[in-house]
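To start, the structure itself, in C-alpha cells.
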Amino acid sequence: MTRQLPRPVRIYRVGGSVRDELLGRPAGDNDWVVVGATPEIMLASGYTPVGKDFPVFLHPDTHEEYALARTERKHGRGYRGFEFFATPDVTLEDDLCRRDLTINAMARAPDGALIDPHGGEADLRAGVLRHVSPAFAEDPLRVLRVARFAARFGFAIADTTLALMRDIAGTGELATLAPERIWQEISRGLCEAHPSRMPAALRACGALAALLPEIDSLYSASARADDAGALTQRALDWSAARGFALPARYAALTQELDHVRADPNHPVGISVRAGVARAEAVSARLKVPVECRDAARLAARWHRAAARAPSLAPARLLDLLTAADALRRPDRLDTLIASTSAHLAAQQVTDTPAVQPTVSQADAVAKYLREALAVVRDVDAAAIAADAIKRASKRAGAAPSRSGAAVAAALRAARLAALRKWRRR
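For the sequence shown, the working numbering begins at 15 and goes up steadily by one.
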C-alpha cells in the first residue's frame, strides 16, 4: 500500500497540464515534480521507478508520472548529451529553469497557487513562444519542439528565441538527432491545428534546409509569384481543417516535390519521376511508417492526374485506380483523394491564415473517383476470370502463365468497357 510521503517533501503539478488549463484546453496526462525526496523515499512510499536517465516514478494508484526535481548539465553533443542531478536540495525553481519555453515552465502548488517565475502566463495571453534561459540552445530537439508548438497553438516565436534556434541550426547539432525523434516531432506537428506553422518556423531559423532540404527547395521552386512552399503550407492547413489523418497530411507535405528547376535562369517544371524520388528520399531518411511512405509515393505519382480525374481517359483512370490498389484497399484511394483535394483547395486559396476550405472542385473530384471505383467493382471479376481460364485451357499447350495473362487482359478489358459505358451516361 502507498503511504504518505514525508512532510518535507512537496509535490507540484507542472508543465503542459498547467499550460492547457490556463488556455482552457482539455489537459492530457498530469506531470508532477517532487521536491525534497530521494529515490529511496519514493520506493518506500510505494512508487514504481520507470526513469532510465533520471528518477521518474509511477504513482501506484493513478499511474501518473512523478519526477524528482532535477537540474541538468550538458556534457556532449546532441539531445542526449546531458547529465542530470536529482537531489533533495534541488528546488522547484531550479527544475522549472531547465525547461524549454516559458509556457511550459509553470507549476500549481498543492493549494492551487500558480508558480510562474518566467512569465509563462503573460506569454500565453500574448501568444508568444519564448525560451526560458540561454540553456535552450543546448538541446537541438527544442528547435523541432518550438516549431511543433507553433503548429499547435498558432503562436509567434519571440525574436530572441528564433535567434537561438538559428544558432542551433548553424552549429550542425541538428544532424545529431535520431531520425525517429525527428519524425516523432514532425508527425505530431502535422497533426496539429496549424500544421503550416511547422515548416514555416523551421525555415525561418534555417532548420528546414538541414532537416528537410527537399521541402525547403519548394520555396524557391516558383512557377508563379506564389511558390510551391506556400502552396504546400495552404494544403497542410486545408488538411487540418478537414481533419485528415496523418498519412494524408504527410502526402500533402511531400506531393509538391515534383516541382523542379534545372537552374535559376529557367522556369519551374513538373517531373513526376523527380517527385516520387524525392518523396521516397524523405520517407527513407525519416524512417516514416509504411502507411505514410506509401501515401506519399502514391500522391507524388498520381495527385496531378487525380486532380483532373473527370477529364482522364478511361485507360488512365483505370491505371490510377490500379496503382492505388483501390479494389483491395479503398482506404488508399481515400488518402489519395484527401491529399489531392488539399492540393486543389490550396490552389484556390490566396491567404494562408484562417483557411476557408473551397469545396466545389475538390469534392467533385472525390465524388468522381469514388463513383469510378464503384463502377470497376461492379464488374464480375470471378465470372470473367473463369471464362478467360476456360478459353485459355482450350488452346493447345497453353501454359499456366498464359492463363494468368489472359485473365488480367480480360479483366482490364471488361473494366475499361464498364468505365466507358459509365462515362457515356
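Where is the CB? At the ideal position from N, CA and C, for every residue including glycine. Please read these numbers as outputs of a predicted model, since none were measured by experiment.
Beta-carbon proximity of residue i to residue j, cut-off 8 angstroms
| i | j | result |
| --- | --- | --- |
| G220 | A165 | no |
| V379 | A323 | yes |
| L158 | I196 | yes |
| R315 | V286 | yes |
| V28 | V47 | yes |
| A386 | L430 | no |
| L226 | A161 | no |
| R4 | M120 | No information on residue 4 is available, as it lies outside the stretch 15 to 439 that the chain covers here. |
| I398 | S417 | no |
| P154 | L188 | yes |
| A320 | I284 | no |
| A58 | P102 | no |
DSSP beta-bridge partners of residue i
| i | result |
| --- | --- |
| A81 | V47, V70 |
| E199 | E199 pairs with nothing; no bridge assigned. |
| L128 | R122 |
| H145 | L115 |
| R24 | V49 |
| E294 | Answer is none; E294 lacks a bridge partner. |
Inter-residue Cα distance where the pair is residue i and residue j
| i | j | result |
| --- | --- | --- |
| P53 | E35 | 30 angstroms |
| E135 | D109 | 18 angstroms |
| T366 | A428 | The predicted position of T366 is uncertain, since its pLDDT is 43 and thus under 50; a value taken from the coordinates is nonetheless stated next. Using only the alpha carbons, I get a separation of about 45 angstroms. |
| L143 | I171 | 5 angstroms |
| A406 | V304 | 38 angstroms |
| A262 | S253 | 8 angstroms |
| L22 | G42 | Per the sequence shown, the amino acid found at residue 22 is Pro instead of Leu. Cα to Cα, the separation comes out at about 28 angstroms. |
| V369 | P209 | In this predicted model, V369 has a pLDDT of only 48, less than 50, meaning its place in the structure is not dependable; the value taken from the coordinates is given anyway. Approximately 12 angstroms between the Cα atoms of the pair. |
| R437 | A337 | 21 angstroms |
| G60 | M179 | 41 angstroms |
| C306 | I55 | 45 angstroms |
| L442 | A249 | This structure gives no information on residue 442, because the portion of the chain shown stretches from 15 to 439. |
| V274 | I229 | 12 angstroms |
| A432 | T349 | 24 angstroms |
| G257 | A424 | 40 angstroms |
| L37 | C111 | 21 angstroms |
| V390 | Q361 | 30 angstroms |
| A127 | T76 | 22 angstroms |
| R333 | G243 | With the sequence shown as reference, residue 333 is identified as Asp, and Arg is not the correct amino acid for it. Taking the straight line from one Cα to the other gives about 29 angstroms. |
| P124 | P344 | 52 angstroms |
| E86 | A388 | 60 angstroms |
| H145 | G184 | 18 angstroms |
Residue i (DSSP reduced to helix, strand or coil)
| i | result |
| --- | --- |
| H357 | helix |
| L425 | helix |
| T174 | helix |
| T62 | strand |
| H208 | coil |
| G11 | Shown here, the chain extends from 15 to 439; a query on residue 11 therefore has no answer. |
| F258 | coil |
| V274 | strand |
| A368 | Residue confidence for A368 is low, a pLDDT of 48 falling below 50, so the modelled location carries little weight; the figure read from the coordinates is stated next. Here A368 sits in coil by DSSP. |
| F99 | strand |
| A237 | Unreliable placement is indicated for A237, whose pLDDT of 46 sits below 50; the coordinate value is still reported in the next sentence. In this structure, A237 counts as coil in the three-state DSSP scheme. |
| F150 | helix |
Cβ-Cβ separation, residue j to residue i (assumed contact under 8 angstroms), whole Å
| i | j | result |
| --- | --- | --- |
| A313 | S353 | 4 angstroms |
| G289 | L300 | Not really, about 17 angstroms apart at Cβ, beyond 8 angstroms. |
| R311 | A293 | 6 angstroms |
| L347 | L335 | 7 angstroms |
Within-8 angstroms CB hit, residue i to chain B
| i | result |
| --- | --- |
| R27 | Looking at the structure shown, chain B is missing, and only one protein chain is on hand. |
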